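**Q** Input: one structure, supplied below.
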Amino acid sequence: MSILHISTSPQQAGSHSRELGRHLVERLKSAIDLPAVVRDLAETPPPFPCAGFVQASLSASTRSFANKSDALTVSEHLIAEVEQASAIIIDMPMHNFTVPAAFKAWIDMVVRPERTFRPCPRIADRAARPKLTAHDRTPRSPGRRSRAAGRGRSRPPACH
Numbered sequence: 001m002s003i004l005h006i007s008t009s010p011q012q013a014g015s016h017s018r019e020l021g022r023h024l025v026e027r028l029k030s031a032i033d034l035p036a037v038v039r040d041l042a043e044t045p046p047p048f049p050c051a052g053f054v055q056a057s058l059s060a061s062t063r064s065f066a067n068k069s070d071a072l073t074v075s076e077h078l079i080a081e082v083e084q085a086s087a088i089i090i091d092m093p094m095h096n097f098t099v100p101a102a103f104k105a106w107i108d109m110v111v112r113p114e115r116t117f118r119p120c121p122r123i124a125d126r127a128a129r130p131k132l133t134a135h136d137r138t139p140r141s142p143g144r145r146s147r148a149a150g151r152g153r154s155r156p157p158a159c160h
């Protein structure tokens with residue numbers, strides 16, 4: 001068993017989310033004596049799904065994935081990391097109000113029908129374990145106005 005630490009910020013130095021993630025991992029390691037496996041998605045991003053990956057991952061024998069797709073081999077490795085983890089810590093910045101593309105690719109590699117979930121009323125097929133997510137967004141300076149404010153630009157209509 002291990003602590004899986006998934007780090008997603010493309011910024012190595014000065015990243016608030018990376019700093020927070022490292023802090024959480026150290027605190028958790030001091031509480032439970034487990035090794036940490038670090039998966040840096042910015043340094044080594046997983047491949048995006050291709051047609052071969054989709055076809056191979058949807059085939060009936062996904063457990064015997066030899067010669068099906070390089071991406072499927074990567075997928076099985078990433079799934080094994082998740083399966084072996086007692087706790088998962090994900091740190092990520094907020095980019096354009098969404099997750100970094102490398103994290104979305106990781107999700108696409110790990111979440112596979114009939115392998116990591118079954119489409120049924122009880123979707124979760126993994127043992128319950130703690131999942132901690134550390135996310136960061138760049139704080140605005142106190143009193144700073146948005147770019148559009150005060151420049152004659154109209155604001156978009158409010159959503160109701």
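Numbering (UniProt numbering), first residue to last: 1 to 160. Positions of the beta carbon are idealized from the N, C-alpha and C atoms, including for glycine. Given the structure is predicted, the values throughout are model-derived calculations rather than measurements.
Who are the Cβ neighbours of Val25 in its own chain at under 7 angstroms, not counting the five residues just before and after it?
**A** Within the same chain, Val25 has close Cβ partners Ile3, His5, Ala36 and Ile89.
**Q** Taking only runs of the beta strand (DSSP E) that begin and end inside the stretch 26–63, which ones reach a length of at least 3 residues, in chain order?
**A** 36–40
**Q** Would you kindly check if the distance between the Cβ of Asp91 and the Cβ of Gly21 is under 8 angstroms?
**A** yes
**Q** Distance check for Leu58 and Leu72, CA to CA, integer angstroms please.
**A** Their backbone Cα atoms lie some 11 angstroms apart in a straight line.
**Q** Within the same chain, show all residues whose beta-carbon is closer than 6 angstroms to that of Ser75, passing over the 5 residues directly before and after it, in chain order.
**A** Counting only residues of its own chain and dropping the five nearest sequence neighbours on each side, Ser75 has a CB closer than 6 angstroms to the CB of Met109.
**Q** Could you compute how far the alpha carbon of Ser17 sits from the alpha carbon of Val54?
**A** 32 angstroms
**Q** Rounded to the nearest angstrom, how far is the Cβ of Ala105 from that of Pro10, given a contact under 8 angstroms?
**A** About 13 angstroms separates the two Cβ atoms, so there is no contact after all.
**Q** Could you pull the DSSP bridge partners for His16 from this structure?
**A** Beta-bridge annotation (DSSP): His16 is not paired with any residue.
**Q** Should Thr8 and Phe103 be called a contact, given that it needs their Cβ atoms to be closer than 8 angstroms?
**A** yes
**Q** Pick helix, strand or coil for Ser2, following the three-state DSSP scheme.
**A** strand
**Q** Comparing C-alpha positions only, which one of His23, Leu34, Ala31 and Glu43 sits nearest to Ala101?
**A** Glu43
**Q** Going by CA-CA distance only, name the one from Ile79, Ala31, Leu28 and Asp70 that's closest to Cys50.
**A** Asp70
**Q** According to DSSP, Pro113 sits in a beta bridge with which residue or residues?
**A** Phe117
**Q** Tell me whether Arg27 is buried or exposed, calling it buried when 16 or more other Cβ atoms sit within 10 Å of its Cβ.
**A** exposed
**Q** Does DSSP put Ser9 in a helix, in a strand, or in coil?
**A** coil
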